Amino acid sequence: MRTDRWWVQPLVTVLVLVAFIVYATIRAFQNAHYFAEPYISPFYSPCLTTACEGDTFPELFTGPTWISPALYILVFPLGIRLTCYYYRKAYYRSFWLSPPACAVAEPHRRYTGETRFPLVGQNVHRYFLYAALVINVILLYDAVLAFRDETGEWGHMGLGTLVLLVNAVLLALYSLSCHSCRHIVGGRLNHFSRHPLRYRFWTAVSRLNARHMQYAWASLFSVAFADFYVFLLATGTITDLRFF
Amino acid sequence: MSYDATFRVWRGDATGGDLQTFTVEVNEGEVVLDVIHRLQASQAGDLAVRWNCKAGKCGSCSAEVNGRPRLLCMTRMSTFAETETVTITPLRAFPVIRDLVTDVSYNYVKAAQIPAFTPGPRDADGAHRMQQVDVERSQEFRKCIECWLCQDTCHVIRDHEENKAAFAGPRFLIRLAELDMHPLDVLDRREDAQDQFGLGYCNITKCCSEVCPEGIHLTDNGIIPLKERVADRRFDPLTWLGSRIGRRPRS
């Protein structure tokens, strides 16, 4: 019955997410071109195995050579986005058509929502948030290390430094604006007046939370762009623009 | 400035009906309800439409305008092109009584099932006291005018009549959230929210927030916080353990 172009939004969502998934899958399995001194791709950070290029993070173990080091860590960013309250809206609408748009009939004969396995598992979102916060700290650390030059001397900044820094900040904003984060810092309380500090945290996260969708998309683009930029440097396609 | 608009209005009752086309005069500044009233006065005297305040505060004139759940009195005719056909249908999630009037008693049945506000003991002077900062979060939900647009647009019951028994709908999930967040309410409503009122059916696609004429953030401020509270109790072993050993009081 809707006469407007309600299908545009789910279509765009599908196209963008599929493009990202294809790109991220290729890069995660490529196991190459993810490090160009002093920059490391966010897809491969923290690089934990002894096979890793670069030295931005302690190499903790020797994994099978056929497993890309990216796969050990990408499960966490994947997990937070898969269980994210915003992305759930996006992919339930656009991929599962449940519903494709407001007041547009969905094609399924039965619907049980998130009441049973596997979708009841969406409730573990907060655990992926904890993991994502750790990765946020590591990516900020990578961005700080990008202020060193190729020889390890501090006082360098290139376009790559800016790319890694913007990406790390956007990913941190995405995590901090999460609905679970909002609940954990203070949302679960009924008496804010007894917890003034947590109320201030909750107020700040609530402000960020209003832009959670924007941070979700911005950080998705930034992480792909940061990886692509490092790929271009690592393959010698471009050279880094150096500011100082 | 006035012009003649083409309106398609659903006419019928519980046994069936169809869309009937009318040409109606529209004047500058009018809303859809004004045009429906003109139609009623000039061409279809027996057209049934529920309305009351004409100010977006009573929640009576809910219907679907070009397939979108709207208040007829808050939908300006200026949002449509003069050549555009405007289609008015009754709320799809509820049984039709006649024309644009539906039987919304499902909502009152669900409302009656929710345990009432249950305050703890009074202070020594006989008063209940609460801080504004504690209660203002749930005051957002008190703006609800019970127009049932959120219930109508929610696909859980709109597309699946069989879910009505198990699912209370977004309006009542925010009522549960309001009570659960209330600083004086002492009932733990999390188990009921999940088991009796079907919180798990909501897949947070946010249509309820999109259609709310009061601009209530049903999903972000009500349903998701309630889901997180249920996760505390049901799905998070650390929080559950903390509450069992007295490290996580709910205050």
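Protein chains in written order, with my numbering: chain A, 1 to 244; chain B, 1001 to 1251.
In this text, a Cβ means the ideal position worked out from N, Cα and C, and glycines have one as well.
Because the structure is a prediction, the values reported are computed rather than measured.
Between residue i and residue j, which are expected to be in contact by the criterion C-beta below 8 Å, what is the C-beta distance as a whole number of angstroms?
i: L1091/B; j: A1063/B; result: 6 Å
i: P1069/B; j: L1173/B; result: Contact doesn't hold; Cβ gap of about 17 Å is too wide.
i: L1184/B; j: G1242/B; result: Not confirmed; about 24 Å, so no contact.
i: I80/A; j: A132/A; result: 4 Å
i: C1107/B; j: Q1139/B; result: In the sequence as displayed, the identity of residue 1107/B is Asn instead of Cys. The Cβ separation is near 21 Å, so there is no contact.
i: R93/A; j: N1066/B; result: Not really, about 20 Å apart at Cβ, beyond 8 Å.
i: A226/A; j: P42/A; result: 5 Å
i: Y229/A; j: G160/A; result: 6 Å
i: F128/A; j: F76/A; result: 6 Å
i: S177/A; j: R211/A; result: 6 Å
i: G54/A; j: F35/A; result: 4 Å
i: T1153/B; j: A168/A; result: About 39 Å; that fails the 8 Å criterion.
i: V205/A; j: R182/A; result: 5 Å
Going straight from the alpha carbon of residue i to that of residue j, what length do you get?
i: G187/A; j: I1224/B; result: 10 Å
i: T83/A; j: A1231/B; result: 13 Å
i: I1157/B; j: Y1201/B; result: 10 Å
i: D1195/B; j: Y111/A; result: 16 Å
i: A1168/B; j: H1182/B; result: 20 Å
i: K1054/B; j: V1035/B; result: 12 Å
i: T1239/B; j: D4/A; result: 45 Å
i: V12/A; j: S193/A; result: 44 Å
i: T115/A; j: R198/A; result: 31 Å
i: G23/A; j: A224/A; result: The residue you asked about is not Gly; residue 23/A is Tyr in the sequence shown. If you take the alpha carbons of Y23/A and A224/A, they lie about 8 Å apart.
i: V16/A; j: Q1113/B; result: 43 Å
i: A1111/B; j: D1103/B; result: 15 Å
i: H179/A; j: R88/A; result: 12 Å
i: L1187/B; j: L1226/B; result: 14 Å
i: I1097/B; j: C1058/B; result: 20 Å
i: P1237/B; j: R1175/B; result: 27 Å
i: V1135/B; j: F1141/B; result: 11 Å
i: P100/A; j: T1118/B; result: 39 Å
i: E1082/B; j: R109/A; result: 38 Å
i: R1190/B; j: V1086/B; result: 43 Å
i: V124/A; j: Y85/A; result: 11 Å
i: E1162/B; j: A234/A; result: 57 Å
i: G155/A; j: F147/A; result: 6 Å
i: N209/A; j: L145/A; result: 29 Å
i: T151/A; j: V137/A; result: 24 Å
i: G236/A; j: Q214/A; result: 33 Å
i: H1155/B; j: L1199/B; result: 14 Å
i: F244/A; j: D149/A; result: 10 Å
i: A1127/B; j: S1209/B; result: 36 Å
i: V1133/B; j: E1214/B; result: 22 Å
i: H191/A; j: R1137/B; result: 11 Å
In this structure, how does DSSP classify residue i when only helix, strand and coil are distinguished?
i: S193/A; result: helix
i: V1101/B; result: strand
i: Y20/A; result: According to the sequence displayed, residue 20/A carries Phe and not Tyr. Helix.
i: E1191/B; result: helix
i: F243/A; result: coil
i: F95/A; result: coil
i: F1022/B; result: strand
i: F147/A; result: coil
i: W202/A; result: helix
i: G1056/B; result: coil
i: T83/A; result: helix
i: R1233/B; result: helix
i: Y42/A; result: Note that residue 42/A corresponds to Pro in the displayed sequence, not to Tyr. Reduced to three states, the DSSP call for P42/A is helix.
If we count the other Cβ atoms within 10 Å of its Cβ and call it buried at 16 or more, is residue i buried or exposed?
i: F221/A; result: exposed
i: Y39/A; result: buried
i: L165/A; result: buried
i: D1018/B; result: exposed
i: L60/A; result: exposed
i: I238/A; result: exposed
i: Y1003/B; result: exposed
i: T25/A; result: exposed
i: Q122/A; result: buried
i: R1076/B; result: exposed
i: N1052/B; result: exposed
i: I265/A; result: With chain A covering 1 to 244 only, the question about residue 265/A has no answer from this structure.
i: W7/A; result: exposed
i: I1245/B; result: exposed
i: P1115/B; result: exposed
TODO: Could you list the residues in the stretch 136-166 of chain A with a C-beta less than 8 Å from some C-beta on chain B, going in chain order?
DONE: none
TODO: With 9 Å as the limit, tell me which residues of the stretch 1061-1087 of chain B have their beta carbon closer than that to any beta carbon of chain A; keep them in chain order.
DONE: So the close ones are E1064, N1066, G1067, R1068, P1069, E1084, T1085, T1087.
- [ ] Check each residue of the stretch 1196-1210 of chain B: if its Cβ is closer than 7 Å to any Cβ of chain A, include it; give the result in chain order.
- [x] Under the 7 Å Cβ criterion, the stretch 1196-1210 of chain B contributes G1200, Y1201, C1202, N1203, I1204, T1205, K1206, C1207, E1210.
Open item on the list: Residues of the stretch 84-106 of chain A in Cβ contact with chain B at a cutoff of 7 Å, in chain order, please.
Closed with: Y85, R88, K89, Y92, R93, S98, P99, C102, A103, A105, E106
Open item on the list: Any C-beta of chain A within less than 7 Å: which residues of the stretch 1146-1165 of chain B qualify?
Closed with: T1153, H1155, V1156, D1159, H1160, N1163
TODO: Could you list the residues in the stretch 113-126 of chain A with a C-beta less than 9 Å from some C-beta on chain B, going in chain order?
DONE: So the close ones are G113, E114, T115, R116, L119, V120, G121, Q122, N123, V124, H125, R126.
Open item on the list: Can you pull out the residues from the stretch 1010-1031 of chain B whose beta carbon lies closer than 8 Å to at least one beta carbon of chain A?
Closed with: none
Task: Near-chain A residues of the stretch 1097-1126 of chain B - C-beta to any C-beta below 7 Å - done: none
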